[in-house]
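Protein chains in written order, with numbering that gives the first Met the number 0: chain A, 0 to 111; chain B, 0 to 386. Even glycine gets a Cβ: it sits at the ideal position worked out from N, Cα and C. No experiment lies behind these values; they were computed from the predicted model shown. Only one structure is covered here, and it is reproduced in the block below.
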Amino acid sequence: MAIRMSKPWSALTVEAVRAVPGQLGVYQLADAAEQIVCIGFAGGLSLFGLRGELQRALAQRPFAAAHFRYEVNQQYTSRYLELLMLHVADFGVLPPANRAAPPVRLGRLSPL
Amino acid sequence: MDLEPTEQQRQIIAVVRRFVREEILPLEAKLDPDASELPPKDFARLSGMVRDMGFWGLDIPAEYGGAGVDLVTRTLMAVEMAQHRAGLYAPCYGVFGSAGLAQLFEATEEQKQRYLYPMLRGEKRGFFALTEPSGGSDPARAIRTRAVRDGDDWIINGAKVFISGADRADFGLVFARTDAQMGRGGITCFIVDTDMKGFHVRRIVHTLRSSHYATELQFEDLRVPHANVLGEVNKGFAIANDRLSRQRIPYAAVCIGVAVKAQEMAIAYAKQRETFGASLATRQAVQWMIVDNEIDIRTSLWLTLAAAHKAERGEPYRMEAGMAKLVASEAGGRVVDRAMQIHGGYGMSKDLPFERWYREMRIRRVGEGPSEVQRHVIARDLLGTRL
Numbered sequence: 000m001a002i003r004m005s006k007p008w009s010a011l012t013v014e015a016v017r018a019v020p021g022q023l024g025v026y027q028l029a030d031a032a033e034q035i036v037c038i039g040f041a042g043g044l045s046l047f048g049l050r051g052e053l054q055r056a057l058a059q060r061p062f063a064a065a066h067f068r069y070e071v072n073q074q075y076t077s078r079y080l081e082l083l084m085l086h087v088a089d090f091g092v093l094p095p096a097n098r099a100a101p102p103v104r105l106g107r108l109s110p111l
Numbered sequence: 000m001d002l003e004p005t006e007q008q009r010q011i012i013a014v015v016r017r018f019v020r021e022e023i024l025p026l027e028a029k030l031d032p033d034a035s036e037l038p039p040k041d042f043a044r045l046s047g048m049v050r051d052m053g054f055w056g057l058d059i060p061a062e063y064g065g066a067g068v069d070l071v072t073r074t075l076m077a078v079e080m081a082q083h084r085a086g087l088y089a090p091c092y093g094v095f096g097s098a099g100l101a102q103l104f105e106a107t108e109e110q111k112q113r114y115l116y117p118m119l120r121g122e123k124r125g126f127f128a129l130t131e132p133s134g135g136s137d138p139a140r141a142i143r144t145r146a147v148r149d150g151d152d153w154i155i156n157g158a159k160v161f162i163s164g165a166d167r168a169d170f171g172l173v174f175a176r177t178d179a180q181m182g183r184g185g186i187t188c189f190i191v192d193t194d195m196k197g198f199h200v201r202r203i204v205h206t207l208r209s210s211h212y213a214t215e216l217q218f219e220d221l222r223v224p225h226a227n228v229l230g231e232v233n234k235g236f237a238i239a240n241d242r243l244s245r246q247r248i249p250y251a252a253v254c255i256g257v258a259v260k261a262q263e264m265a266i267a268y269a270k271q272r273e274t275f276g277a278s279l280a281t282r283q284a285v286q287w288m289i290v291d292n293e294i295d296i297r298t299s300l301w302l303t304l305a306a307a308h309k310a311e312r313g314e315p316y317r318m319e320a321g322m323a324k325l326v327a328s329e330a331g332g333r334v335v336d337r338a339m340q341i342h343g344g345y346g347m348s349k350d351l352p353f354e355r356w357y358r359e360m361r362i363r364r365v366g367e368g369p370s371e372v373q374r375h376v377i378a379r380d381l382l383g384t385r386l
């Protein structure tokens, strides 16, 4: 499995989000320029899994989110942290929507 | 040998049990089912309570500020501390304090100043890197990471895998081969700072365990000063081996703790859940599962306590520790599986802790020496055969 999420972006629309499964996993939101603005996950406490989380993103549009992509993944905790670490490794900072509540003591990766 | 807890041990067990039920379980109900950390404020509050109880630092020697608890009592406490959802790999979410890298108690005073004392103060975190892509069960032969002397330094090249916590650590213990001809006698333990040039955490290794993930490390011309050799050159394997034996007793105790809780839940559910006009508890099929659970739990507990008693008396205990780890890890899986079955569909959901225990208990049959290696070690002691 490639460690960076590389699926094509989908437009953050009602129709697209409706097709997202209710399973557990991780997701990314991007702005109109396809710059990542948020990394999140749908965990065991979520009522409607990835679809529920992306419906919330659709309603709130944090940092002008316009696109999304997701990954169904039962190991959502470690995958979520890995995506955050990758983002910091690639860009030096967390996505803007994650900066307000960063994980306590995020690890560091030096990916190839 | 009397394995019954003393009156003082019973009191300690009661205190820890109440702490888990009144403090840990209510907090845990609000966390993600795969969480392994408490919010910082809750961690600080509960750690303070543990300090007030005098139980902070269970694995830290008393002369370093630890609780000074003997191994048998420690084992009994471990059984209680594990009785919650995250209990297998994060018993009480770490609020009882951790010894971290116990090998550092044997370090030089200069090394203790740089690493041990900051670790005990909670200022630094460490990792332990033994397993490599070439193998983990037989590290004496599998280690290919090389360290070559260069003046006052060593240059390390190689890789490690399934290493917990390296991405968040400030330093770690890395075992490297310093003499290619000597087998287990050619391995040295180095203390490596994670900000040293050439130290890389390449990826997270995703496993059944969603939290407490593992990492893969790579060392590229990593330059480490000779002052960071822990112990002596070529004598590092003894450091690794000692850890493996000692860890097996609390490792087994934690498996037993989860099994105890799973059994408690299974009995309660069987008494109240009805099918075809009667409670599950009246069904022989369910009764036998609960009986088999109890036999598995008590067998594991008695073996583990026997090993702890022997270690506490200063007698050789390697075989007994291996037996305890083997039996408890395999029995724990069976108990969780039966308890899941008794709970039916709910047993499979994240609403209950079983699915996490089921995944994480599977790892216990491999971690800290797989079941097959434990049997190998026990056979060697019984038959006097060489590996």
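**Message:** Between aspartate 31 of chain B and chain A, is the shortest Cβ-Cβ distance under 8 Å, so that the two count as touching?
**Reply:** As a working note, residue 31 of chain B is residue 32 in the second sequence. Yes, aspartate 31 of chain B lies at the interface with chain A (some Cβ there is under 8 Å from its Cβ).
**Request:** Would you kindly report the start and end of the unbroken alpha helix (DSSP H) that includes proline 90 of chain B?
**Result:** Taking the second sequence and counting its residues from 1, one reaches residue 90 of chain B at position 91. First-last for proline 90 of chain B: undefined, no H or E at that position.
**Asked** What residues are listed by DSSP as bridge partners for cysteine 188 of chain B?
**Response** As a first step, residue 188 of chain B is located in the second sequence; it is residue number 189 there, counting from the start. Answer is B/Phe174, B/Leu229, bridged to cysteine 188 of chain B.
**Item:** 9 Å Cβ cut-off: residues of chain A touching isoleucine 203 of chain B
**Value:** As a working note, residue 203 of chain B is residue 204 in the second sequence. Residues of chain A passing the Cβ test: Ile2, Ser77, Arg78, Leu80, Glu81, Met84, Gly106, Leu108.
**Prompt:** In three-state DSSP terms, what is tryptophan 8 of chain A?
**Reply:** As a first step, residue 8 of chain A is located in the first sequence; it is residue number 9 there, counting from the start. Correct three-state label for tryptophan 8 of chain A: coil.
**Request:** Count the other C-beta atoms from every protein chain shown that fall within 10 angstroms of the C-beta of proline 32 of chain B, then say buried if there are 16 or more, exposed otherwise.
**Result:** Looking up residue 32 of chain B in the second sequence gives position 33. Burial call: buried.
**Message:** I want to verify the contact list: residues of chain B whose CB lies under 7 Å from the CB of valine 103 of chain A, in sequence order.
**Reply:** In the first sequence, residue 103 of chain A corresponds to position 104, counting from 1. Under the 7 Å cutoff, chain B gives Glu36, Pro39.
**Message:** Measuring alpha carbon to alpha carbon, tell me which residue in B/His308, B/Asp166, B/Ala89 is nearest arginine 245 of chain B.
**Reply:** In the second sequence, residue 245 of chain B corresponds to position 246, counting from 1. Ranking B/His308, B/Asp166, B/Ala89 by Cα distance to arginine 245 of chain B puts B/His308 first.
**Prompt:** According to a CB-to-CB cut-off of less than 8 Å, which residues of the region 25-57 of chain A neighbour chain B?
**Reply:** Gly42, Gly43, Leu44
**Request:** Identify, in the order they occur along the chain, each residue of the same chain with its Cβ nearer than 7 Å to the Cβ of glutamine 373 of chain B, setting aside the five sequence neighbours on each side.
**Result:** Position 374 of the second sequence, counted from the start, is the residue given in the question as residue 373 of chain B. For glutamine 373 of chain B, where only same-chain residues beyond five positions count, the Cβ hits under 7 Å are Gly321, Lys324, Leu325.
**Prompt:** Of the choices B/Leu24, B/Met0, B/Gly164, whose alpha-carbon is the least far from that of lysine 123 of chain B?
**Reply:** In the second sequence, counting from the first residue as 1, residue 123 of chain B sits at position 124. The candidate whose alpha carbon is nearest that of lysine 123 of chain B is B/Gly164.
**Prompt:** Are leucine 57 of chain A and tyrosine 26 of chain A close, meaning C-beta to C-beta below 8 Å?
**Reply:** As a first step, residue 57 of chain A must be located in the first sequence, where it is residue number 58. As a first step, residue 26 of chain A must be located in the first sequence, where it is residue number 27. Not in contact: leucine 57 of chain A and tyrosine 26 of chain A (Cβ atoms no closer than 8 Å).
**Prompt:** If the cut is a Cβ gap below 8 Å, which residues of chain B does leucine 93 of chain A touch?
**Reply:** As a working mapping, residue 93 of chain A is identified with position 94 in the first sequence. Within 8 Å Cβ-Cβ: nothing; leucine 93 of chain A doesn't reach chain B, min ~15 Å.
**Request:** Note down, in chain order, every chain B residue with its Cβ under 9 Å from the Cβ of leucine 111 of chain A.
**Result:** Here the question's residue 111 of chain A lines up with position 112 in the first sequence. Residues of chain B passing the Cβ test: His199, Arg201, Arg202, Gln217.
**Request:** Verify whether the separation of the beta carbon atoms of proline 94 of chain A and isoleucine 38 of chain A is less than 8 Å.
**Result:** Along the first sequence, read from residue 1 onward, the residue named residue 94 of chain A stands at position 95. Along the first sequence, read from residue 1 onward, the residue named residue 38 of chain A stands at position 39. Taking 8 Å as the Cβ cut-off, proline 94 of chain A and isoleucine 38 of chain A qualify as a contacting pair.
**Asked** Whose Cβ in chain A lies nearer than 7 Å to the Cβ of arginine 167 of chain B?
**Response** Reading the second sequence from its first residue, position 168 is the one you call residue 167 of chain B. In chain order: Arg104, Gly106.
**Request:** Counting only the same chain and skipping the five closest in sequence on each side, list residues whose C-beta sits under 7 Å from that of aspartate 30 of chain A.
**Result:** The residue given as residue 30 of chain A occupies position 31 in the first sequence. If we look at aspartate 30 of chain A and ignore the five residues flanking it on each side, its Cβ neighbours are Val36, Phe62, Ala63, Ala64, Ala65.
**Sub-8 Å separation of alanine 128 of chain B and valine 173 of chain B beta-carbons** = Residue 128 of chain B sits at position 129 when you count from the first residue of the second sequence. Residue 173 of chain B sits at position 174 when you count from the first residue of the second sequence. For alanine 128 of chain B and valine 173 of chain B, yes; Cβs fall inside 8 Å.
**Message:** Please list the terminal residues of the continuous alpha helix (DSSP H) segment that includes arginine 17 of chain A.
**Reply:** As a position in the first sequence, residue 17 of chain A is number 18, starting the count at 1. Element bounds for arginine 17 of chain A: 13-17.
**Request:** Measure how close the beta-carbons of threonine 130 of chain B and alanine 252 of chain B come, nearest whole angstrom, since I'm counting them as under 8 Å.
**Result:** Against the second sequence, residue 130 of chain B aligns to sequence position 131. Against the second sequence, residue 252 of chain B aligns to sequence position 253. The pair is not a contact, with the Cβ atoms about 23 Å apart (cut-off 8 Å).
**Request:** Take the Cβ of leucine 100 of chain B as the centre, count every other Cβ of all protein chains shown within 10 Å, and call the residue buried at 16 or more, exposed below.
**Result:** The count along the second sequence starts at 1 and reaches residue 100 of chain B at position 101. So leucine 100 of chain B ends up on the buried side.
**Asked** Which class does phenylalanine 90 of chain A belong to by DSSP, given the choice of helix, strand or coil?
**Response** Here residue 90 of chain A refers to the residue found at position 91 when the first sequence is read from its first residue. Three-state DSSP puts phenylalanine 90 of chain A in a helix.
**Item:** Backbone secondary structure at histidine 83 of chain B - three-state DSSP
**Value:** As a working note, residue 83 of chain B is residue 84 in the second sequence. Of the three classes helix, strand and coil, the one that applies to histidine 83 of chain B here is coil, per DSSP.
**Item:** Whether tyrosine 88 of chain B touches phenylalanine 42 of chain B by CB criterion (8 Å)
**Value:** Walking along the second sequence from the start, residue 88 of chain B turns up at place 89. Walking along the second sequence from the start, residue 42 of chain B turns up at place 43. Not a contact, by the Cβ cut-off of 8 Å.
**Prompt:** Do we get a CB-CB distance below 8 Å when we pair glutamine 22 of chain A with the residues of chain B?
**Reply:** As a position in the first sequence, residue 22 of chain A is number 23, starting the count at 1. So, not an interface residue.
**Asked** Just checking my contact of aspartate 336 of chain B with tyrosine 357 of chain B at CB under 8 Å: how many whole Å lie between their CB atoms?
**Response** Your numbering for residue 336 of chain B matches position 337 in the second sequence. Your numbering for residue 357 of chain B matches position 358 in the second sequence. Contact holds; Cβ gap of about 7 Å.
**Message:** I'd like to know if serine 209 of chain B contacts chain A, where contact means its C-beta is closer than 8 Å to some C-beta of that chain.
**Reply:** Position 210 of the second sequence, counting from 1, holds the residue named residue 209 of chain B. Yes, serine 209 of chain B counts as interfacial toward chain A.
**Message:** Against glutamine 74 of chain A, what residues of chain B qualify as contacts under a CB-to-CB distance less than 7 Å, listed in chain order?
**Reply:** The count along the first sequence starts at 1 and reaches residue 74 of chain A at position 75. The answer, in chain order, is His205, Ser209.
**Asked** What did DSSP end up calling phenylalanine 275 of chain B once you bin it into helix, strand or coil?
**Response** Position 276 of the second sequence holds residue 275 of chain B. Coil.
**Request:** Would you list, in chain order, the members of the region 341-375 of chain B that have their beta-carbon closer than 7 Å to a beta-carbon of chain A?
**Result:** Lys349
**Request:** Rounded to whole angstroms, what's the CA-CA distance from alanine 175 of chain B to leucine 103 of chain B? Just pull it up for me.
**Result:** Here residue 175 of chain B refers to the residue found at position 176 of the second sequence. Here residue 103 of chain B refers to the residue found at position 104 of the second sequence. The alpha-carbon atoms of alanine 175 of chain B and leucine 103 of chain B are separated by roughly 17 Å.
**Where tyrosine 250 of chain B sits in the DSSP three-state scheme** = The count along the second sequence starts at 1 and reaches residue 250 of chain B at position 251. If DSSP states are grouped into helix, strand and coil, tyrosine 250 of chain B belongs with the helices.
**8 Å contact criterion, which leucine 221 of chain B and isoleucine 155 of chain B should meet: CB distance rounded** = Taking the first residue of the second sequence as 1, we reach residue 221 of chain B at position 222. Taking the first residue of the second sequence as 1, we reach residue 155 of chain B at position 156. Leucine 221 of chain B to isoleucine 155 of chain B, Cβ: 4 Å. Contact.
**Request:** Classify aspartate 220 of chain B as helix, strand or coil using the three-state DSSP reduction.
**Result:** Taking the second sequence and counting its residues from 1, the one referred to as residue 220 of chain B is at position 221. In this structure, aspartate 220 of chain B counts as strand in the three-state DSSP scheme.
**Request:** Under 8 Å by Cβ, that's how I've got leucine 105 of chain A and methionine 84 of chain A pegged, so tell me the actual separation to the nearest angstrom.
**Result:** Your numbering for residue 105 of chain A matches position 106 in the first sequence. Your numbering for residue 84 of chain A matches position 85 in the first sequence. At roughly 6 Å, the Cβ-Cβ gap stays under 8 Å, so leucine 105 of chain A and methionine 84 of chain A are in contact.
**Message:** Could you check whether the Cβ of tyrosine 212 of chain B sits closer than 8 Å to any Cβ belonging to chain A?
**Reply:** Working through the second sequence from its first residue, we reach residue 212 of chain B at position 213. Output row for tyrosine 212 of chain B: interface = yes.
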